[in-house]
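**Student:** The listed protein sequences derive, respectively, from chains A and B.
Mapping the first sequence onto the numbering used here, position 47 (from 1) lands on 47, and the numbers just tick up by one.
Adding 1000 to a residue's 1-based position in the second sequence gives its number in the numbering used here.
Could you have a look at this structure, given as structure tokens, before my questions?
2 protein chains.
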Amino acid sequence: MAYTSEYPFVYLTADVVALCMRPGGLSVLLVKRGGAPYKGRWAFPGGFVDEGEDVERAARRELREETGISTRGRALHQLGAYTAPRRDPRHRVISVPFVAVLPEIVAPTAADDATHAEWLPVEELVGSRRLAFDHAQILADASRWLSEALERTTLATAFLAERFTITELREVYEAVWGRSLDAGNFQRKVTNVPGFLEDTGERRIGGRGRPATLFTAGPTSAIFPAMSRERDR
Amino acid sequence: MAYTSEYPFVYLTADVVALCMRPGGLSVLLVKRGGAPYKGRWAFPGGFVDEGEDVERAARRELREETGISTRGRALHQLGAYTAPRRDPRHRVISVPFVAVLPEIVAPTAADDATHAEWLPVEELVGSRRLAFDHAQILADASRWLSEALERTTLATAFLAERFTITELREVYEAVWGRSLDAGNFQRKVTNVPGFLEDTGERRIGGRGRPATLFTAGPTSAIFPAMSRERDR
DNA sequence: GCAAAAGTGTTAGTAATACACCCATGC
DNA sequence: GCATGGGTGTATTACTAACACTTTTGC
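See the structure below:
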């Protein structure tokens, strides 16, 4: 099938910046490129949007096809659009990346086209030249967006299993913000936001020290007043 | 000139949501569409991005061509990308809108293709069906973005002339947030943010009451702690 | 008992709110 | 003087930050 046009056009791709917490810290799901351009570099799962296909749907489809990971029931956040004329050396390709926050569960499966997918720590990638296209910039923008989202929304719970402790929640904040938080003050803050956390009445057993209460995410998505990240900027 | 492709493609447009303060409140610059689709409805200035052209540059160019208004030296903020498959009934066209905040100076000139441009109050447009394409959604998103930007950044000064009074600045906040603010507390807040306002030493003459001090915008772009918009959400 | 982790109490400091009140101008 | 709008003072309340302290478990 061939397409013709009297005017200049562009190709449209959807990418997924999938994030989760792993022992090495905040990590992002990447696939190693098997072909040109940027062969051998890492890139976000993603690909061309089909004719008539919704961009967010395309992002979910590409993630599933390339890594086997499903985002059913999870919100994706559109980061914007990356449109620089030469970001892809072959054609003008514009990318609409979506951020997906996932709990640490699923290992990616072998990809469909002989590439392979892996979780890599965000911290090791930001300054490096290991990412293809403008994906280092997209990752930096995703990271900044996430930091700000954690201030005003309850998104941090999306990194955790259905039931979690307040310490696990605090560790998400500490990993994303790159600083330690006072455990006592954090406890008080999050439990005083109505609808943020729901007490299950159960305790986590088996750890050292006093058993922690298990919570589930509540119905609220906004945190007011915001979690405070720093005194000055 | 004709273009061919073996894969589905899209057209890329850049639009400008130009905002300014007018007697009727926060207003947006619109052009009346002279042709199909949506003939007779209002739309943001904008149009197709040229081959190899930067999207932001295209936005500035289209605004200038259609309304005569220059955005030299002013920051544009990319709102994201609007990509729904049927947002334009003719072809798949994706729009990258940019928000421009302008002082109340320039009346738009006659447009280049027999359409005409006008400033219309945002408040009258949000619920109405007077806008073409998905521009009502884009305007709502721009309005929300602006409200949030005024909390954390010094963007409000971009609505004002080079020299302005604190009351004029407060009126910007009141118009965007749709609520009145305590004049005394507002005064204290903005003057205590280092680098927000710079005292020119001059006074506004000719008004009623005590003459107000004239300020210029300072070098700071972030406000910390943020301006508070409301107690609860 | 002791270490470890969860969770509470306490105090000080900072900022937002409400509103009273003084200041400087035109008329 | 009086009205008008600019600007400051002050008390209250809300939240954050620092950190001491208590609770509850495993060993």
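We put the beta carbon where it would ideally sit given N, CA and C, even for glycine.
Note that the structure is a prediction, hence the values are computed from the model and not measured.
Terminal residues of the continuous alpha helix (DSSP H) containing GLU171/A?
**Tutor:** In this chain, the alpha helix (DSSP H) harbouring GLU171/A covers 166 to 177.
**Student:** Counting only Cβ pairs nearer than 8 Å, list the residues of chain A close to GLU1053/B.
**Tutor:** PRO85
**Student:** Of the residues ALA117/A, ARG129/A and ARG87/A, which one's Cα is nearest the Cα of GLU1053/B?
**Tutor:** ARG87/A
**Student:** Going by C-alpha to C-alpha distance, which of THR1083/B, GLU1162/B, HIS1135/B and GLY1184/B sits closest to LEU1029/B?
**Tutor:** HIS1135/B
**Student:** Comparing alpha-carbon positions, which option in ARG72/A, ALA59/A, GLU202/A and VAL10/A lies nearest ARG92/A?
**Tutor:** VAL10/A
**Student:** Anyone know if the C-beta pair for GLY1080/B and GLY46/A falls short of 7 Å?
**Tutor:** Not in contact: GLY1080/B and GLY46/A (Cβ atoms no closer than 7 Å).
**Student:** Under three-state DSSP, which class holds ASP182/A?
**Tutor:** In the three-state scheme derived from DSSP, where H, G and I count as helix and E and B as strand, ASP182/A is classed as coil.
**Student:** Looking at the structure shown, is HIS116/A part of a helix, part of a strand, or coil, going by DSSP?
**Tutor:** coil
**Student:** Quick check on the burial criterion: 16 or more other C-beta atoms within 10 angstroms. Buried or exposed for PRO108/A?
**Tutor:** buried
**Student:** Run through chain A and tell me which residues come within less than 7 Å of GLY1195/B, C-beta to C-beta.
**Tutor:** Within 7 Å Cβ-Cβ: nothing; GLY1195/B doesn't reach chain A, min ~11 Å.
**Student:** Just checking, does the stretch 60 to 70 of chain A make contact with the stretch 140 to 158 of chain A on the three C-beta pairs under 8 Å criterion?
**Tutor:** no
**Student:** Give the DSSP-derived three-state secondary structure of ILE138/A in the structure shown.
**Tutor:** helix
**Student:** Can the beta-carbon of VAL176/A be found closer than 7 Å to that of ALA100/A?
**Tutor:** no
**Student:** Mark THR67/A as exposed unless 16 or more other C-beta atoms lie within 10 angstroms of its C-beta, in which case mark it buried.
**Tutor:** The residue is buried, with at least 16 neighbouring Cβ atoms inside 10 Å.
**Student:** Strictly under 7 Å for the Cβ-Cβ distance: is GLY35/A near chain B by that measure?
**Tutor:** no
**Student:** In whole angstroms, give me the CA-to-CA distance for LEU1160/B and TYR1173/B.
**Tutor:** 12 Å
**Student:** Spatial neighbours of ALA183/A within its chain, please: C-beta separation below 6 Å, excluding the five flanking residues on both sides.
**Tutor:** If we look at ALA183/A and ignore the five residues flanking it on each side, it has no Cβ neighbours.
**Student:** Bridge partners for HIS1091/B per DSSP, in chain order?
**Tutor:** HIS1091/B is not bridged by DSSP to any residue.
**Student:** Is it buried or exposed for THR190/A, if we count other Cβ within 10 angstroms and need 16 for buried?
**Tutor:** Note on identity: in this sequence residue 190/A is Val, with Thr being the wrong assignment. VAL190/A comes out buried.
**Student:** Listed from N- to C-terminal order along the chain, which residues in the stretch 7 to 20 of chain A have their beta-carbon within a distance smaller than 7 Å of any beta-carbon of chain B?
**Tutor:** TYR7, PRO8, PHE9, VAL10, TYR11 and LEU12
**Student:** Taking one C-beta from the stretch 1141 to 1149 of chain B and one from the stretch 1210 to 1223 of chain B each time, how about it: are there three or more such pairs within less than 8 Å?
**Tutor:** no
**Student:** Does the beta carbon of THR191/A sit closer than 7 Å to a beta carbon anywhere in chain B?
**Tutor:** no
**Student:** Give me the chain A residues within the contact set of PHE1048/B, using Cβ-Cβ distance strictly less than 9 Å, ordered along the chain.
**Tutor:** By Cβ distance, chain A contributes TYR7 and PRO8.
**Student:** Which of the three DSSP states is assigned to GLU1053/B in this structure?
**Tutor:** Coil, per DSSP.
**Student:** In angstroms with no decimal places, state the Cα-to-Cα distance between HIS77/A and ARG41/A.
**Tutor:** Roughly 25 Å separates the two Cα atoms.
**Student:** Could you check whether the Cβ of ALA1081/B sits closer than 6 Å to any heavy atom belonging to the ligand COA?
**Tutor:** Looking at this structure, you won't find the ligand COA or any other ligand, since it has none at all.
**Student:** Have a look at GLU56/A, PRO103/A, PRO8/A and HIS116/A and flag the residue whose alpha-carbon is nearest the alpha-carbon of GLY25/A.
**Tutor:** PRO103/A
**Student:** Counting only beta-carbon atoms, is GLY80/A nearer than 7 Å to chain B?
**Tutor:** yes
**Student:** Does DSSP put ARG210/A in a helix, in a strand, or in coil?
**Tutor:** Looking at ARG210/A - three-state DSSP - the assignment turns out to be coil, as it is neither helix nor strand.
**Student:** Between TYR173/A and chain B, is any beta-carbon pair separated by less than 7 Å?
**Tutor:** no
**Student:** With 16 as the cutoff for other CB atoms within 10 Å, does ALA222/A come out buried or exposed?
**Tutor:** exposed
**Student:** Would you call ILE1166/B buried or exposed, if buried means 16 or more other Cβ atoms sit within 10 Å of its Cβ?
**Tutor:** buried
**Student:** In chain order, what residues of the same chain lie with their CB nearer than 8 Å to the CB of GLU1171/B, ignoring the 5 residues before and after it?
**Tutor:** MET1021
**Student:** What's the gap between the Cα of TYR1038/B and the Cα of ARG1204/B?
**Tutor:** Approximately 46 Å between the Cα atoms of the pair.
**Student:** Could you give the residue range of the alpha helix (DSSP H) that holds VAL1122/B?
**Tutor:** 1122 to 1125
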